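Numbering-wise, numbering that gives the first Met the number 0 puts 34 at position 35 of the sequence shown, and it's gapless, one number per residue.
The beta-carbon is built from N, C-alpha and C at its ideal position, and this holds for glycine as well.
Computed from a predicted structure; not experimentally measured.
For reference, the structure is listed below as C-alpha cells.
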Amino acid sequence: MSTNWEQINEYAQQWIKEAGDRIQETFEKELTVQTKSNRKDLVTNVDKETEQFFIERIKETFPTHRVLGEEGFGDDVSALDGIVWIIDPIDGTMNFIHQQRNFAISIGIFQNGIGMLGYIYDVVHDELYYAQKGKGAFLNDQPLPRLQPVSIREAIISLNATWVTENMRIDPKVLAPLVKEARGTRSYGSAALEMAYVAAGRLDAYITMRLSPWDFAGGLIIVEEVGGIVTNLYGEPLHLLGQNSVFVSKPGLHEEILTQYIRK
Numbered sequence: 000m001s002t003n004w005e006q007i008n009e010y011a012q013q014w015i016k017e018a019g020d021r022i023q024e025t026f027e028k029e030l031t032v033q034t035k036s037n038r039k040d041l042v043t044n045v046d047k048e049t050e051q052f053f054i055e056r057i058k059e060t061f062p063t064h065r066v067l068g069e070e071g072f073g074d075d076v077s078a079l080d081g082i083v084w085i086i087d088p089i090d091g092t093m094n095f096i097h098q099q100r101n102f103a104i105s106i107g108i109f110q111n112g113i114g115m116l117g118y119i120y121d122v123v124h125d126e127l128y129y130a131q132k133g134k135g136a137f138l139n140d141q142p143l144p145r146l147q148p149v150s151i152r153e154a155i156i157s158l159n160a161t162w163v164t165e166n167m168r169i170d171p172k173v174l175a176p177l178v179k180e181a182r183g184t185r186s187y188g189s190a191a192l193e194m195a196y197v198a199a200g201r202l203d204a205y206i207t208m209r210l211s212p213w214d215f216a217g218g219l220i221i222v223e224e225v226g227g228i229v230t231n232l233y234g235e236p237l238h239l240l241g242q243n244s245v246f247v248s249k250p251g252l253h254e255e256i257l258t259q260y261i262r263k
C-alpha cells in the first residue's frame, strides 16, 4: 500500500501550528526549568509537554509510525525502518527560557532512512519552513528559490564562538581563519533556525561540532530540497541516529570551505 504523504503533511502542519499556539500560551506562565547533561543543557515542562502532544497525535492517527524525540517519550529507535518521525519539540530551549524568541519546533519524517517531509516552525514569527522530497521547499506556502553559489568573502556564516576558542572538539585554529575571511558571522542558538536560514538564503553556511538527530532532521530535508549541502565537517553523510558535527552550506561554498580550511 502506498503512503499518502499529502495526508501526513496536512496533519503535521496542523499539529505544528497547534503546538506553536500552545507554546505561546505559556509565555505568561512560570516555567519549570531543569538541567540535563550540564548547566547549559536545559529542558522545561513545555519541551516535555510539546513532545507528548505530538506523540499522542501521531500514535492516534498513524499507529504504525514510530517517533524519536529529544525528551525520550517516543519509541526506542535503533533503525530507520518504516516511517519514523524525528522530533525536537523546542530547539533552542535556552533562548526560549531567556528570550522567548529564537527557538523552533523541528520535525523530520523519514521512510526507510530517506527524508520525506521536513518542518521548522519559528513560533514567535509564525514562519513555517517545510519541504517534501522532490517537491521543493517553502516558507509559509511561498516557494523557496534554489540556492546560488557564493564566495567565502561574500558569505555570512553561522558559527558559535565556542569553536574558535579553546574547546574539546576542534583546534580553534582550524576555523579562525574562515571567520576572518568571511563577510560576517552570526550565531542564533538554534540549529533548526540556522539551517532554515541557510535554506531561505538568510545565511550562507552553518557549522557546528555536535548535534543530535532531532536538531538537524527537519533542516536536512529542507536544505537539500533547495540545492544546499548537508554533511559532517569532513564532507561525509550524517549519521541519522547519532551525534554528528554538521556543516550546512550553499553549493560551491561547501567545497571551497572544505578545501581551503578543513582538508588543507
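Between the beta-carbon of T207 and the beta-carbon of V245, is there less than 7 Å? Yes, they are a contact pair.
Who are the Cβ neighbours of T230 in its own chain at under 6 Å, not counting the five residues just before and after it? The residues are F246.
Kindly indicate the opening and closing residues of the alpha helix (DSSP H) around L224. Checking the sequence shown, residue 224 turns out to be Glu, not Leu. Segment P212 to E224, the alpha helix (DSSP H) holding E224.
Between R21 and F52, which are expected to be in contact by the criterion C-beta below 8 Å, what is the C-beta distance as a whole number of angstroms? Confirmed, Cβ separation roughly 7 Å.
At the level of alpha carbons, what is the spacing between Y118 and Q131? Spanning the two alpha carbons is a distance of roughly 9 Å.
Measure the C-alpha to C-alpha separation of E70 and P88 and round it to an integer number of angstroms. Whole-angstrom Cα-Cα distance: 8 Å.
Given a cut-off of 7 Å, decide if V32 and T43 are closer than it, judged by their beta-carbon atoms. Annotated as proximal: T43 and V32, with beta-carbon spacing under 7 Å.
Quick one: what does DSSP say M288 is sitting in, helix, strand or coil? Coverage of the chain is limited to positions 0 through 263, which leaves residue 288 absent and any answer about it impossible.
Apart from the five residues on each side of it in sequence, which residues of its chain come closer than 7 Å, Cβ to Cβ, to A18? Here the set comprises T49, F52, F53 and I104.
Within-7 Å CB hit, G241 to chain D: Chain labels in this structure do not include chain D; a single protein chain is all it has.
Own chain partners of W4 with C-beta closer than 8 Å, once the 5 adjacent residues on each side are dropped: For W4, where only same-chain residues beyond five positions count, the Cβ hits under 8 Å are M115, L116 and Q131.
Along the chain, which unbroken stretches of the beta strand (DSSP E) at least 3 residues long are found entirely within the segment 17-84? If you keep only unbroken beta strand (DSSP E) runs of at least 3 residues inside the segment 17-84, you get 32-34, 41-43 and 65-68.
Between I261 and A204, is the Cβ-Cβ spacing less than 7 Å? In this structure, A204 does not lie closer than 7 Å to I261 by Cβ.
Measuring alpha carbon to alpha carbon, tell me which residue in F215, Q13 and S248 is nearest R201. Here the closest residue by C-alpha is S248.
Opposite T230 in the DSSP bridges: which residues? DSSP, once it has assigned bridges, lists F246 as partnering T230.
Buried or exposed (CB count within 10 angstroms, at least 16 for buried), H253: Buried, by the Cβ-count rule.
Beta carbon of I85 nearer than 7 Å to that of Q110: No.
Spatial neighbours of E153 within its chain, please: C-beta separation below 6 Å, excluding the five flanking residues on both sides. Taken in chain order, the residues that qualify are R182.
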